[in-house]
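Using the numbering used here, you'd call the opening residue of the sequence shown number 227 and step up by one each time.
What follows is a single structure, written as structure tokens, with notes after it.
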Amino acid sequence: MSKKNMGKIGVLLVNLGTPDTPETPDVRKYLREFLLDRRVIDINPVGRYFLINGIIAPFRAPKSAKVYKELWTERGSPLLFHGLDLKEKLQVALGDDYHVAFGMRYQSPSIKSALEELRDKSVDRIIVLPLFPQYASASTGSVQDKIMEIVKDWWVIPSINFISSFCDHPGFINSFAELGKQHMAQDNYDHVIFSYHGLPERQVLKGSDKGYCKLGSCCNSYNKRNKYCYRAACFATSRLLAEQLGLSEDQYTVTFQSRLLKDPWLQPYTDEVLKTLPSKGIKKVLAFSPAFVADCLETTIEVGEEFKEMFEHAGGEKWQLVESLNSNDTWVEAVKAMVLES
Numbered sequence: 227m228s229k230k231n232m233g234k235i236g237v238l239l240v241n242l243g244t245p246d247t248p249e250t251p252d253v254r255k256y257l258r259e260f261l262l263d264r265r266v267i268d269i270n271p272v273g274r275y276f277l278i279n280g281i282i283a284p285f286r287a288p289k290s291a292k293v294y295k296e297l298w299t300e301r302g303s304p305l306l307f308h309g310l311d312l313k314e315k316l317q318v319a320l321g322d323d324y325h326v327a328f329g330m331r332y333q334s335p336s337i338k339s340a341l342e343e344l345r346d347k348s349v350d351r352i353i354v355l356p357l358f359p360q361y362a363s364a365s366t367g368s369v370q371d372k373i374m375e376i377v378k379d380w381w382v383i384p385s386i387n388f389i390s391s392f393c394d395h396p397g398f399i400n401s402f403a404e405l406g407k408q409h410m411a412q413d414n415y416d417h418v419i420f421s422y423h424g425l426p427e428r429q430v431l432k433g434s435d436k437g438y439c440k441l442g443s444c445c446n447s448y449n450k451r452n453k454y455c456y457r458a459a460c461f462a463t464s465r466l467l468a469e470q471l472g473l474s475e476d477q478y479t480v481t482f483q484s485r486l487l488k489d490p491w492l493q494p495y496t497d498e499v500l501k502t503l504p505s506k507g508i509k510k511v512l513a514f515s516p517a518f519v520a521d522c523l524e525t526t527i528e529v530g531e532e533f534k535e536m537f538e539h540a541g542g543e544k545w546q547l548v549e550s551l552n553s554n555d556t557w558v559e560a561v562k563a564m565v566l567e568s
């Protein structure tokens, strides 16, 4: 087929989601859609419905709304405007042979609207990049599930390629390492924390290669048997970042944050680890959040402010968050490389 007869290639960037406003009704609406996803809270559907609508959404929404108001800017939600900025910069970087769209798994702009945008452009095929470096059923899997649910009703379905994980992609690693090195050049840190969003242990075990996953030393290497294991991917990202930053094994710790409900989640927990560091002589900590490529509540507020307060209360002197990749130029080039490789 000659180039002039070829349609554009569609690129769909997807992030998790954000309330439309930081007001309680919109936060409640967002929480309901997010937490009712069967891949996020994987329990009996009836129990999930009553748990979310009867307990979590009504009681958590007002508290979350207060936090979202701290996070909100003149441009709105950081997760949204950083995604739109990335979309615009990537479009320029890729050129006219591509059309880049952006959607959210929950709330607006929706995945459906982004797919409709690509369909209206008559793209020949679609490359989907869920903006989650480490694969998890509750994030990347949910995006893939939603896209397949939508396109099954299309009369013509173009080829669709999912980039399911980029936890060890050189461009991703270099982008985060570049930001870390900038902070390390400004101060001497005693230790580095790589804090990832947590998952219930059962979800990791459900998706594992049977008999291989032990939630332990099996994550010391990243291979074909555990390439979709979220825990193994987090450790792989950490090892590669540590190598780029020149850190030895005793100079960094991998932890997990943001747990919910009482079931055991991936450990060690960030909030528990950081409280022990000052008593070990670790007074200055550089904290990364490599599960997120855009600043959001979990990075700016949880890691950047709440953990900082906990660390200082325990006797620490400095807790510095490394900002997310957002739409910086190195990250845009990394995303471009991933698209072209696909």
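Each residue gets a CB set at the ideal place from its N, CA and C atoms; glycine is no exception.
ask   = Should L238 go down as buried or exposed, given a rule of 16 or more other Cβ atoms within 10 Å for buried?
value = buried
message = According to DSSP, is A327 part of a helix, a strand, or is it coil?
response = strand
inquiry  = I need the DSSP call for Y361, collapsed to helix, strand or coil.
reply    = coil
key: Reference Q429; option with closest CA among L312, S368 and I235   = S368
inquiry  = Buried or exposed for S474, going by 16 or more other Cβ atoms inside 10 Å?
reply    = exposed
request  = Find out if the Cβ-Cβ distance for the pair C460, S434 is shorter than 8 Å.
outcome  = no
key: When L357, K234 and H423 are compared against F392, the one with the closest alpha-carbon   = L357
query = Are I376 and K338 closer than 8 Å when you measure CB to CB?
reply = yes
request  = Tell me where the beta strand (DSSP E) around Q333 begins and ends.
outcome  = No beta strand (DSSP E) contains Q333, which DSSP labels as neither H nor E.
query = Mapping DSSP to helix, strand and coil, what is W380?
reply = coil
ask   = Quick one, are the C-beta atoms of Y495 and F514 less than 8 Å apart?
value = no
request  = Measuring alpha carbon to alpha carbon, tell me which of L320, R274 and E538 ends up nearest K501.
outcome  = E538
Which of helix, strand or coil DSSP assigns to G472 = coil
query = Which residue or residues does DSSP assign as beta-bridge partners of I352?
reply = G236 and I386
request  = Can you say whether N452 is buried or exposed, counting buried as having 16 or more other CB atoms within 10 angstroms of its CB?
outcome  = buried
ask   = Taking all protein chains shown into account, do 16 or more other C-beta atoms lie within 10 angstroms of the C-beta of E567, making it buried, or fewer, making it exposed?
value = exposed
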